[in-house]
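S.K.: Could you have a look at this structure, given as structure tokens, before my questions?
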Amino acid sequence: CSELCPVILPCLVSAIACEPPRIAPAVAELAWGVISGMLGVHQQAGSVEFVRATTRLVLSLVGSLAEFQRQPGSALAATTAAMAKCLAQVAQIDQAGLKEEVAAMPAESQ
């Protein structure tokens, strides 16, 4: 998993963030699960830098997608539950990192 994460993670982010979506909502839900799964594996392995970077990435991605979902006709709303579940799992895995990242965000983005 460690060797493939730098290849897989950017592909998943690109697929999730595409508007209009290039992948089915069910596949996007799985992608969110893979991201949180990779984070959990790296946390158990003690990869602090990877965990913090992925926490920052997930928070940024969630914020961007939430902004896109406010636009009329956005098809990204179908994956909101998977996105929220991934964010909740990130909070369990890297609570301190998530708090730190949220605190560093502008107030309107929090």
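Going by our numbering, the residue at position 100 of the sequence shown is 103; the numbering climbs one at a time, nothing skipped. Built from N, CA and C at the ideal position, the CB exists for glycine as well.
1. Quick check on the DSSP output: what are the complete beta strand (DSSP E) runs of length 3 or more inside the stretch 66-101, in order along the chain?
2. Output yes or no for whether 8 Å exceeds the beta carbon distance between Cys89 and Val61.
3. Within 10 angstroms of its Cβ, does Met2 collect 16 or more other Cβ (buried), or is it exposed?
4. With 16 as the cutoff for other CB atoms within 10 Å, does Ala34 come out buried or exposed?
5. Do Leu68 and Val37 have their C-beta atoms closer together than 8 Å?
6. For Ala91, which residues of its own chain have a beta-carbon under 7 Å away from its beta-carbon, when the five flanking residues on both sides are left out?
7. By Cβ distance, which residues of its chain are closer than 6 Å to Ile19, with the 5 residues on each side in sequence left out?
8. Can you give me the C-alpha to C-alpha distance between Phe71 and Thr57, rounded to a whole angstrom?
9. Among Pro28, Lys102 and Phe53, whose alpha-carbon lies nearest the alpha-carbon of Leu12?
M.R.: In short, the structure shows the following:
1. Secondary structure remark: continuous beta strand (DSSP E) runs of at least 3 residues inside the stretch 66-101: none found.
2. A Cβ-Cβ contact shorter than 8 Å links Cys89 with Val61.
3. Limits of the chain in this structure are 4 at one end and 113 at the other, which puts residue 2 out of reach.
4. Around the beta-carbon of Ala34, 16 or more other beta-carbon atoms lie within 10 Å, marking it buried.
5. Result no, Cβ atoms of Leu68 and Val37 do not sit closer than 8 Å.
6. Once the five neighbours on either side are set aside, Ala91 has no close Cβ partner at all.
7. Excluding residues within five positions, the ones whose Cβ falls inside 6 Å are Ala31 and Ala34.
8. Each residue's Cα considered, the two are about 21 Å apart.
9. For the residues Pro28, Lys102 and Phe53, the minimum Cα distance to Leu12 belongs to Phe53.
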